[in-house]
Amino acid sequence: MEPVLIDAGLLLYQLHNGPLQQLLAVRDKGVALIVGGDVASYTALSTATVASGTFKTCLAAGLLRLGATPSLLTADAQDDNDASTGGYNTGSAASIAQKLLRGPGGIAAASGTSFACTVGESGLWLCGGTVGEVMEALAAGIFGWWGTSTAGLYQGGQLAAPPEEIGPLRAPWWRARAGYQAPSPPTPRSAPPIRWRRTSRS
1 MEPVLIDAGL LLYQLHNGPL QQLLAVRDKG VALIVGGDVA SYTALSTATV ASGTFKTCLA
61 AGLLRLGATP SLLTADAQDD NDASTGGYNT GSAASIAQKL LRGPGGIAAA SGTSFACTVG
121 ESGLWLCGGT VGEVMEALAA GIFGWWGTST AGLYQGGQLA APPEEIGPLR APWWRARAGY
181 QAPSPPTPRS APPIRWRRTS RS
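Per this note's numbering, the sequence shown runs over residues 1 to 202.
Written out as structure tokens, the structure is:
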């Protein structure tokens, strides 16, 4: 992901709007920067001394600070360690859906067990948008779906590929002959004969 610069004077970047589990790597145009340690608060990070070529973090606030201006900053992170939404998980699509619904969605009873997704670890990084839009993006990334059940509970899953139908093996068609004959024109119907009847008058 590309961290968001929130204080140019301090070279302070935001990775997440809550606590992070771990920052795996930080790179400037692909060159890895050296970890300078982690501090407990925003204040401690803003007053810390960061050497050039290194970075320091405040995982509790989802923040990162550099020691020199980067050209292109990217980072690998395991994020969302918020205890109120279940803490950190393995990053499965089901657990991400649970965190979206419990966190910004405000649905405390949302459960990842209602989302039958068989894919492995997933990642979702977004800036802005509604919970519904983010859920749509998550579902699209795993060829899945989401919605509510008849009981009013949120649920989701993945679309399964249709079974492939394979018939008996045979040589492919090369030529086929189809008989054709133009239909005969319809026979015109003749009008019925007119019959005259003579009557006598007295």
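The beta-carbon is built from N, C-alpha and C at its ideal position, and this holds for glycine as well.
Computed from a predicted model, the values in this text were never measured in an experiment.
- By the Cβ rule, the segment 87-105 does not count as touching the segment 58-75, because fewer than three pairs are nearer than 8 Å.
- With 16 or more other CB atoms across the displayed protein chains lying within 10 angstroms of its CB, Y13 is buried.
- Shown here for T148: same chain residues with a beta carbon closer than 8 Å to its own, the five before and five after excluded, namely Y154, Q155 in chain order.
- In this structure, DSSP gives I107 a state outside helix and strand, which the three-state scheme calls coil.
- For secondary structure counted as the alpha helix (DSSP H) over 4 or more consecutive residues, the segment 78-163 holds these complete runs in sequence order: 93-102, 131-141.
- In the DSSP annotation of this structure, A44 is not part of any beta strand (DSSP E); the continuous alpha helix (DSSP H) holding it starts and ends at 42-46.
- Rounded to whole angstroms, the gap between the alpha carbons of S71 and V26 is 13 Å.
- Here A94 has G112, F115, C117 as same chain residues with Cβ atoms under 6 Å from its own Cβ, once five neighbours each way along the sequence are excluded.
- Bridge partners of L73 according to DSSP: D28.
- Annotation for Q181: no beta strand (DSSP E) segment contains it, and DSSP assigns it neither H nor E.
- If you draw a straight line from the Cα of Q78 to the Cα of L15, it comes to about 10 Å.
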